[in-house]
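Okay, structure first, notes after.
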Amino acid sequence: MSKTSTKGIWKVISASSMGTMIEWYDFYIFGSLAVVISTKFFPSDNPTAAFLSTLATFAAGFVVRPFGALFFGRLGDIIGRKYTFMATLLLMGGSTFLIGCIPSYETIGFMAPLLVLILRLLQGLALGGEYGGAATYVAEHAPVGQKGYWTSWIQTTATVGLFISLMVILATKNVLSAEAFDSWGWRVPFWVSIVMVGVSYLIRKNMDESPVFAKAKKEGTTSTNPLKESFGNRYNLKFVLLALFGATMGQGVVWYTGQFYAMSFMKTVMNIDSSQVDSLLGIALLLGTPFFIVFGWLSDKVGRKYIMMSGMLLAILFYRPIYKMMYNTTDVSYKTEIVEQTSQNVERTQNNDIITTLSKTYTDGTSYIEKKTDFADKKKSQSSITININSADEWTLIFLVFIQVLFVTMVYGPIAAFLVEMFPTKIRYTSMSLPYHVGNGIFGGLLPAISTYFVTHSKAAGKSDFYLDGLWYPIIIASICFVIGMVYIDNKNKINHL
Amino acid sequence: MNTIKQALGILWVILAVAAAYFCVFEFGLPKLLSDQQDDLVFGIIILFILTPLIVLGLGTFGYFAVIGEYNNKRK
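Okay, structure coming up:
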């Protein structure tokens with residue numbers, strides 16, 4: 001189909017991937033800096049601001065992305081892929097930069113959280129439009145029989161974006177003092193975005209339109225109403241539903257479990273020090289990322305279906321043993337305490353709050369700090385546990401997270417090629433974007449909230465393995481998706497439109 | 001294989017109905033009626049986003065499967 005040379009396709013890949021990676025970076029820094037952002041814009045003692053905070057976290061991630069997919073997907077199928085995903089890039093970059101410029105709640109009051117919410121929604125809309133455009137653009141340039149390989153480069157961008165966001169935040173924290181970071185330094189990762197977006201815009205500006213779309217436009221075979229043709233036509237609708245329930249739904253939960261639930265599990269259930277979690281997650285992501293390319297390439301040889309379904313099956317079978325092993329690494333009841341080094345310190349603050357700090361050290365090098373604050377008004381107390389793990393445990397956790405990232409690469413590596421091949425050129429951008437963002441944004445995005453709900457519920461019920469119950473959500477969703485995918489999806493895609 | 005595809009279609013329709021019950025009565029409404037702000041947003045998303053999506057989406061998918069839309073056509 002395509003006459004693009006290998007040199008030409010690398011140009012296409014780099015232009016597309018860089019922009020998509022930046023969009024993921026922009027999307028993730030908000031999540032990674034959520035704690036700082038909430039103190040600056042969403043004071044917890046103000047119920048309206050707290051409500052807006054929850055809305056900003058939830059709405060942008062779940063609700064808005066599919067709308068972005070519909071809005072920009074329609075544009076991409078009418079005016080072209082290139083201009084549409086340039087628009088999403090500028091929208092995302094502009095919104096991110098502006099979040100970094102908003103004065104705090106203390107300065108402009110209620111306008112601050114409202115502006116953050118609006119900009120966060122715009123970020124969600126942009127992300128909803130970007131991915132489908134980039135995947136379609138690359139696939140329509142790629143040679144026949146190599147679409148899995150070439151589109152897998154786009155698939156690396158989400159993980160690389162997360163990795164770079166963690167690194168930029170870590171670097172900013174290292175360069176600045178804790179006070180400076182808290183005061184204004186947290187804005188730096190947001191400002192960095194505008195530079196990256198500027199460079200990416202200039203690169204994308206000089207790219208040509210997708211040859212397949214340009215040909216369709218020349219022949220007058222593009223759609224005038226992609227939404228109606230995608231979802232109002234039974235033939236296309238059945239493939240949209242198959243893509244969602246037989247592929248992206250399971251892929252979404254595997255993706256979110258491997259990269260986000262693992263992170264929140266280590267921070268909140270295992271109580272590992274936040275910086276240790278960020279660095280071990282960064283290493284696991286770095287080691288796992290090349291496998292997106294490996295499985296994308298392999299999907300060209302053996303078919304997309306069996307790679308994606310194998311990833312889902314492995315995740316279903318191994319999530320519980322993996323998380324049990326992860327939990328056991330920091331379970332101090334299995335460790336030997338060095339009693340002589342145990343200390344307890346009690347101090348009284350200016351507000352007459354009493355802070356009790358209990359420190360323990362274990363023979364394997366693990367340290368345990370429990371801090372309890374009894375507030376002077378006696379109405380409430382607050383306690384937190386921080387565990388610093390030893391090097392051996394750190395590498396065990398890197399390995400266990402890496403295994404989960406491998407499952408992610410199996411389900412996610414081939415999916416762009418799978419989706420673009422499923423739909424014809426004239427409605428491709430719209431039709432593939434919606435199941436992707438519903439599967440990832442809604443089924444995947446709801447995972448932290450639903451899984452945390454299961455864990456809290458089981459803990460309250462006194463179950464000894466309460467920490468594993470959060471995994472039921474991804475296991476059930478992935479199992480349904482696995483059965484649908486195995487039964488209804490054809491490995492040799494007979495409806496390949498590329 | 002076509003018979004399995006069609007028979008499983010009934011299962012997807014039943015699953016959509018079961019999901020509707022759990023999403024509304026086990027997750028959605030209790031969260032919506034709770035006093036917590038976080039729960040309120042979570043309840044709204046479960047009731048008005050996830051429930052229609054699963055019920056209508058999976059139900060339609062099941063219906064299409066039952067009527068043979070996903071069957072392999074003989075050549």
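Protein chains in written order, with full-length UniProt numbering: chain R, 1 to 498; chain G, 1 to 75. Even glycine gets a Cβ: it sits at the ideal position worked out from N, Cα and C.
query	result
Ordered list of alpha helix (DSSP H) runs contained in the region 120-193 of chain R, each at least 4 residues	147-175, 178-183
Contact check, R:Leu166 vs R:Gly282, beta carbons under 8 angstroms	yes
For G:Lys75, the three-state DSSP class (helix, strand or coil)	Here the model assigns G:Lys75 a pLDDT of 48, short of 50, so the residue's position is not dependable and the matter cannot be decided.
Separation of R:Ile475 from R:Lys91, as counted between CA atoms	Before going further, note that residue 91 of chain R is Leu rather than Lys in the sequence given. Spanning the two alpha carbons is a distance of roughly 35 angstroms.
Outcome for R:Met7 when other beta-carbon atoms lying within 10 angstroms are tallied against a minimum of 16	It should be noted that the sequence gives Lys, not Met, for residue 7 of chain R. Exposed, since its Cβ has fewer than 16 Cβ neighbours within 10 Å.
Rounded distance between the beta-carbons of R:Phe67 and R:Gly128, thought under 8 angstroms	6 angstroms
Segment contact, 8 angstroms Cβ cut-off, at least three pairs: the region 143-150 of chain R with the region 113-124 of chain R	no
R:Glu394 (DSSP reduced to helix, strand or coil)	helix
Residue-chain proximity (G:Glu26, chain R), Cβ-Cβ < 8 angstroms	no
Beta bridge counterpart(s) of R:Asp374 as assigned by DSSP	R:Ile354, R:Ser381
Stretch pair the region 52-65 of chain G + the region 13-32 of chain G: three plus CB contacts closer than 8 angstroms	yes
Opposing strand residues paired with R:Thr342 [DSSP bridges]	DSSP lists no partner for R:Thr342.
Within-8 angstroms CB hit, G:Ile49 to chain R	yes
Collapsed DSSP secondary structure at R:Lys335 in the structure displayed	coil
Close Cβ partners of R:Ile355 (< 6 angstroms) along its chain, the five nearest in sequence each way excluded	Glu347, Thr373
Neighbour flag for R:Lys238 against chain G, beta carbons, 8 angstroms	yes
Beta-carbon contacts of R:Gly441 that lie in its chain and below 7 angstroms, excluding the five residues immediately before and after	Gly61, Phe62, Arg65, Pro66
3 or more residues per run - each beta strand (DSSP E) lying fully within the region 454-488 of chain R	none
Which of helix, strand or coil DSSP assigns to R:Glu347	strand
Those residues which DSSP pairs with R:Lys360 across a bridge	R:Tyr368
R:Ile307 versus R:Gly439 - alpha carbon distance	18 angstroms
Test: R:Ile442 CB closer than 8 angstroms to a CB of chain G	yes
Reference R:Lys371, options R:Ile99, R:Thr363, R:Leu114, R:Ile387, closest by Cα	R:Ile387
Contact check, residue 500 of chain R vs R:Val420, beta carbons under 8 angstroms	Here chain R comprises residues numbered 1 to 498, so residue 500 of chain R is not present and cannot be evaluated.
CA-to-CA distance, R:Lys205 to R:Ser2, given in whole angstroms	Residue confidence is low: R:Ser2 scores 47 on pLDDT, short of 50, so the model does not pin down where it sits. No coordinate-derived value is stated.
For R:Asn388, the residue or residues it bridges with in DSSP	R:Ser367
Local conformation of R:Ile293 per DSSP, three classes	helix
Any chain G beta carbon closer than 8 angstroms to R:Ala449	yes
Residues of the region 55-73 of chain G with Cβ closer than 9 angstroms to any Cβ of chain R, in chain order	Gly57, Leu58, Thr60, Phe61, Phe64, Ala65, Glu69, Tyr70, Asn72
Contacts that G:Phe22 makes with chain R (C-beta to C-beta distance below 9 angstroms)	None at all; the shortest Cβ gap to chain R is about 11 angstroms.
R:Pro226 - containing alpha helix (DSSP H), residue span	226-231
Cutoff 8 angstroms: G:Leu8 Cβ touching any chain R Cβ	yes
Test item: CB-CB of R:Gly76 and R:Gly132 under 8 angstroms	yes
Residues that G:Ile4 contacts on chain R, provided the C-beta gap is smaller than 8 angstroms	Val487
Candidates R:Gln350, R:Leu468, R:Gly485: closest to R:Tyr323 by CA position	R:Leu468
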